[in-house]
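Note that the working numbering has the sequence shown beginning at 12, numbered continuously upward. Beta carbons: idealized from backbone N, C-alpha and C, even for Gly. Comments concern the structure below.
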Amino acid sequence: MKPTFKAVLLLALAVSLQSELQAQGLKMPQASTSQTITQAFGLGQINISYSRPNVKGRKIFGGLEPYDAVWRTGANSATMITLTEAIKVEGKDLPAGEYGLFTIPGQNEWTVIFNKGAKQWGAYEYKESDDVLRVKVKSVKLKEKTETFTIQIADVYPTTAKLQLMWENTALSVNLSTDVDSKVMAGIEEAMKGEKKPYFQAAQYYLENGKDLNKALEWMNAADVNNTNAPWVKLWKGRVQLKMGDKKGAGQTAEEGLKIATEIKNPEYIRLNTALIAEAKK
12 MKPTFKAVLL
22 LALAVSLQSE
32 LQAQGLKMPQ
42 ASTSQTITQA
52 FGLGQINISY
62 SRPNVKGRKI
72 FGGLEPYDAV
82 WRTGANSATM
92 ITLTEAIKVE
102 GKDLPAGEYG
112 LFTIPGQNEW
122 TVIFNKGAKQ
132 WGAYEYKESD
142 DVLRVKVKSV
152 KLKEKTETFT
162 IQIADVYPTT
172 AKLQLMWENT
182 ALSVNLSTDV
192 DSKVMAGIEE
202 AMKGEKKPYF
212 QAAQYYLENG
222 KDLNKALEWM
232 NAADVNNTNA
242 PWVKLWKGRV
252 QLKMGDKKGA
262 GQTAEEGLKI
272 ATEIKNPEYI
282 RLNTALIAEA
292 KK
């Protein structure tokens with residue numbers, strides 16, 4: 012995609028003006044404000060840096076930003092996304108690294124691009140040959156206008172999340188996923204060989220991820236022995252027992268947790284153990 016003479020001229024003027032303002036020590040608000048997003052995901056982190064233009068009464072997609080043309084996905088410098096761990100985007104592998112996040116808007120479907128050219132102004136130097144991954148995503152129409160271009164990471168779970176883009180009356184949502192189970196299980200196995208065994212954390216993971224409940228209860232019992240006055244240990248031990256179908260045992264454990272929480276005046280675990288007692292009685 013070759014830059015037009017007008018685009019090059021505008022870029023030169025923008026750079027010249029910015030340099031002049033810096034030389035004068037003059038501070039002015041940005042027309043398109045910058046934003047950086049940092050989101051923990053899986054065992055890693057996602058960082059996104061971009062500039063946020065406003066609609067300002069203009070027709071955006073199919074107007075200011077034409078359909079079927081590569082867009083910087085924001086304003087000023089190209090939007091940059093950094094992954095500290097490999098993930099999947101719409102089920103396709105994307106290695107850890109730093110990428111330019113480009114898009115090709117369409118009337119009903121967009122192409123989302125992760126490109127090696129992370130540090131560039133706009134999309135004037137974009138090269139398709141530097142694409143690492145392309146995925147297609149259906150767009151949706153918003154009932155209410157989004158004035159300021161917005162990127163967010165929503166619906167974040169341990170192994171899934173959504174990368175969402177919204178501007179004017181258009182939005183799209185890109186599915187992200189990561190496989191952490193094998194890494195966590197290997198980490199638990201290795202940690203259990205050490206002197207300080209993470210009984211409580213390992214049992215929690217087993218409970219919440221459908222692992223061996225007998226092993227989870229064994230570890231919760233070990234955690235309980237090591238910390239008999241912890242209402243949170245009683246709570247989670249009771250949850251394991253309830254999941255195993257032992258309502259009586261779960262209720263008794265939660266009663267112990269409630270007593271400890273009351274003695275140390277911890278309202279959160281008074282509430283949580285009380286709720287578990289009620290659930291065990293159903």
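- Within the stretch 154-226, complete alpha helix (DSSP H) segments of at least 4 residues are found at 192-202, 210-219, given in chain order.
- For R63, the enclosing beta strand (DSSP E) begins and ends at 55-63.
- Shown here, K149 sits in a strand according to DSSP, grouped into three states.
- Rounded to whole angstroms, the gap between the alpha carbons of L153 and N220 is 35 Å.
- Taking a cut-off of 8 Å on C-beta distances, the stretch 86-103 does not touch the stretch 202-212, as fewer than three cross pairs fall below it.
- By the beta-carbon neighbour count (other beta carbons within 10 angstroms, threshold 16), I98 is buried.
- Counting only the Cα atoms, S140 lies some 13 Å from G111.
- A Cβ-Cβ separation of about 11 Å leaves L287 out of contact with K254 under the 8 Å criterion.
- If you compare the alpha carbons of Q163, T122, Y61, A289 with that of A261, the shortest gap goes to A289.
- Distances from the CA of V244 to each of K259, Y280, N225 were compared; the closest alpha carbon is that of Y280.
- Per DSSP, K38 lies in no beta strand (DSSP E) segment and is marked neither H nor E.
- A Cβ-Cβ separation of about 17 Å leaves D79 out of contact with G133 under the 8 Å criterion.
- Around the beta carbon of I59, 16 or more other beta carbons lie within 10 angstroms, which makes this residue buried.
- Taking the C-beta atoms as reference points, I124 is found nearer than 8 Å to D142.
- Scanning its chain for C-beta atoms nearer than 6 Å, with the 5 sequence neighbours on each side dropped, one finds around S88 the residues W132, in chain order.
- Taking the C-beta atoms as reference points, L174 is found nearer than 8 Å to L187.
- Inclusion of W121 and L54 in the CB contact set at 8 Å is not warranted, their separation being larger than that value.
- Secondary structure at N237: helix, using DSSP grouped into helix, strand and coil.
- Taking C-beta separations shorter than 6 Å and ignoring five residues to either side along the sequence, the partners of I199 in its chain run A213, following chain order.
- Cβ contact annotation for E76 (same chain, cutoff 8 Å, sequence separation greater than five): W82, P116, in chain order.
- Within the DSSP bridge table, the entry for L105 names I98 as partners.
- Going by DSSP, V251 is part of the alpha helix (DSSP H) stretching over 242-254.
- Counting other Cβ atoms within 10 Å of its Cβ, P242 reaches 16 or more and is therefore classed as buried.
- Beta-bridge pairing by DSSP links L269 to no other residue.
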